[in-house]
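Step one of this worksheet: look at the structure below.
Residue numbers (our numbering): 3 to 216.
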């Protein structure tokens with residue numbers, strides 16, 4: 003749906019970047035049979051997040067691991083839907099599909115993990131630093147940090163309790179909400195929404211409004 007709302011030029015950029023990301027990554031299938039659409043859809047989500055940025059390949063992450071269901075990782079008792087660490091990007095396919103097919107619950111594990119990966123290559127490994135993203139992330143944080151700190155003190159908002167876990171999760175959940183429910187995000191947290199449009203050089207709300215008008 004998001005793809006269809008883009009201009010023809012943006013659609014071409016998305017498709018070409020999806021191809022380049024797909025070609026650059028090595029996909030591993032753990033306890034699940036590979037299907038042709040899996041690496042394409044995962045690459046497309048990475049291209050969606052980074053569509054407005056100059057640097058888009060998430061180059062540190064050569065390996066993407068696809069699992070069937072929720073899985074356990076490390077010492078954590080709760081199962082994971084996905085995670086990112088120094089060894090790669092991990093995604094559970096069941097949850098990934100739900101994220102791209104069901105916008106109603108505001109959850110998109112693909113976008114969530116790609117948001118972690120984008121921050122990782124810019125701020126941790128610094129292997130693919132996008133000048134615009136790094137500069138604007140500081141401006142984003144000037145607005146986001148106070149909201150996050152209020153959430154840690156118990157204040158509720160549309161981002162939900164998980165976003166208060168730590169600032170990394172706040173960022174990733176904000177990305178999910180930005181693409182999955184831009185109307186509510188813009189209405190309830192307008193300053194944060196505006197900062198994200200500048201940061202990512204995208205505006206899902208405007209795409210939907212313009213499509214409806216057209």
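Beta carbons: idealized from backbone N, C-alpha and C, even for Gly.
Taking residue i as the reference, give the member of the options with the closest Cα.
| i | options | result |
| --- | --- | --- |
| residue 56 | 196, 124, 114 and 40 | 124 |
| residue 194 | 23, 113, 139 and 211 | 139 |
| residue 54 | 209, 212, 5 and 201 | 201 |
| residue 71 | 50, 64 and 93 | 93 |
| residue 183 | 7, 27, 32 and 109 | 109 |
| residue 225 | 181, 42, 33 and 82 | Since the first and last residues shown for the chain are 3 and 216, residue 225 lies out of range. |
| residue 88 | 64, 68 and 45 | 64 |
| residue 69 | 41, 13 and 11 | 41 |
| residue 84 | 52, 26, 158 and 44 | 44 |
| residue 12 | 52, 136 and 166 | 52 |
Does the distance from the C-beta atom of residue i to that of residue j stay below 8 Å?
| i | j | result |
| --- | --- | --- |
| residue 185 | residue 207 | yes |
| residue 29 | residue 86 | no |
| residue 174 | residue 114 | yes |
| residue 142 | residue 198 | yes |
| residue 62 | residue 127 | yes |
Between residue i and the ligand FAD, is the CB less than 7 Å from at least one heavy atom?
| i | result |
| --- | --- |
| residue 193 | Questions concerning the ligand FAD fall outside what the structure shown contains, since it holds no ligand whatsoever. |
How many angstroms separate the CA atom of residue i from the CA atom of residue j?
| i | j | result |
| --- | --- | --- |
| residue 177 | residue 119 | 12 Å |
| residue 129 | residue 24 | 19 Å |
| residue 122 | residue 171 | 13 Å |
| residue 96 | residue 204 | 27 Å |
| residue 22 | residue 59 | 8 Å |
| residue 168 | residue 50 | 24 Å |
| residue 98 | residue 112 | 6 Å |
| residue 160 | residue 190 | 8 Å |
| residue 216 | residue 117 | In this prediction, residue 216 has a pLDDT of 42, which is less than 50 and means its spatial position is unreliable; nothing more can be read from the coordinates. |
| residue 39 | residue 155 | 43 Å |
| residue 153 | residue 145 | 13 Å |
| residue 37 | residue 74 | 23 Å |
| residue 90 | residue 131 | 18 Å |
| residue 187 | residue 102 | 18 Å |
| residue 10 | residue 100 | 27 Å |
| residue 7 | residue 46 | 15 Å |
| residue 32 | residue 209 | 37 Å |
Between which two residues does the beta strand (DSSP E) holding residue i run?
| i | result |
| --- | --- |
| residue 28 | 28-32 |
| residue 92 | 90-94 |
How is the alpha helix (DSSP H) around residue i delimited, first residue to last?
| i | result |
| --- | --- |
| residue 85 | First-last for residue 85: 84-87, but that is the beta strand (DSSP E), not the alpha helix (DSSP H). |
| residue 112 | 111-121 |
| residue 186 | 184-190 |
| residue 146 | 133-154 |
| residue 49 | 39-51 |
| residue 4 | 4-7 |
So, helix, strand or coil for residue i, using DSSP?
| i | result |
| --- | --- |
| residue 215 | In this predicted model, residue 215 has a pLDDT of only 44, less than 50, meaning its place in the structure is not dependable; the value taken from the coordinates is given anyway. Helix at residue 215. |
| residue 161 | coil |
| residue 67 | strand |
| residue 207 | helix |
| residue 75 | coil |
| residue 60 | coil |
| residue 99 | helix |
| residue 193 | helix |
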